[in-house]
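Following: one structure in structure tokens, then a few remarks.
In my numbering, the protein residues as written are 43 to 219.
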């Protein structure tokens with residue numbers, strides 16, 4: 043079982059310089075945030091921490107797939123995703139995460155959780171419209187696609203051709219110029 047403690051980075055014991063952390067993200071990770079948009083996930087997240095004497099620089103990168111339903115056919119498929127995020131951590135009087143570009147931790151803090159940043163980075167890298175690659179290239183066999191293509195092939199019904207003579211006179215005004 044995954045917990046938020048798995049994503050704590052204790053930076054106080056680290057030497058000044060670069061340190062790399064790697065996390066394997068699956069469906070259980072999203073359960074921490076009660077987010078159930080994905081049927082499954084297989085994502086590798088790499089966090090590069092550059093510790094300096096007065097601040098921390100974090101660079102997040104992720105690459106993998108999330109299993110989601112197609113918005114057109116409702117067929118499940120693995121959607122490839124990737125992205126990155128940079129975060130600057132400074133130290134101050136009190137905790138402040140109002141700015142997206144940097145985080146202020148209180149003096150004396152010795153660890154920080156990166157779970158929220160990983161979660162936001164992954165969720166924001168998934169496109170809002172999710173279309174199965176088989177729909178794009180025409181190789182997907184689906185009853186939904188068959189139905190949609192059948193509806194598009196049908197001829198539109200003939201409407202009553204009789205129009206109001208007043209509208210006809212108004213239309214003539216446009217064409218008589």
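Each residue gets a CB set at the ideal place from its N, CA and C atoms; glycine is no exception.
- Per DSSP, reduced to three states, the secondary structure at residue 217 is helical.
- Look at residue 133 here: in three-state DSSP terms it is strand.
- Between the C-alpha atoms of residue 132 and residue 95 there is a straight-line separation of about 10 Å.
- Beta-bridge partners of residue 65 (DSSP): 87.
- Per the DSSP secondary-structure output, residue 55 pairs with nothing in a beta bridge.
- In this structure, residue 129 places its C-beta atom within 8 Å of the C-beta atom of residue 159.
- When the five nearest sequence neighbours on each side are left out, the beta carbons in the same chain lying within less than 8 Å of the beta carbon of residue 62 are those of 88, 89, 90 and 91, in order along the chain.
- Nearest to residue 57 by alpha-carbon distance, out of 121, 93 and 171, is 93.
- Contact between residue 155 and residue 49 is confirmed by a C-beta separation of about 5 Å, below the 8 Å threshold.
- Here DSSP, grouped into helix, strand and coil, assigns residue 156 to coil.
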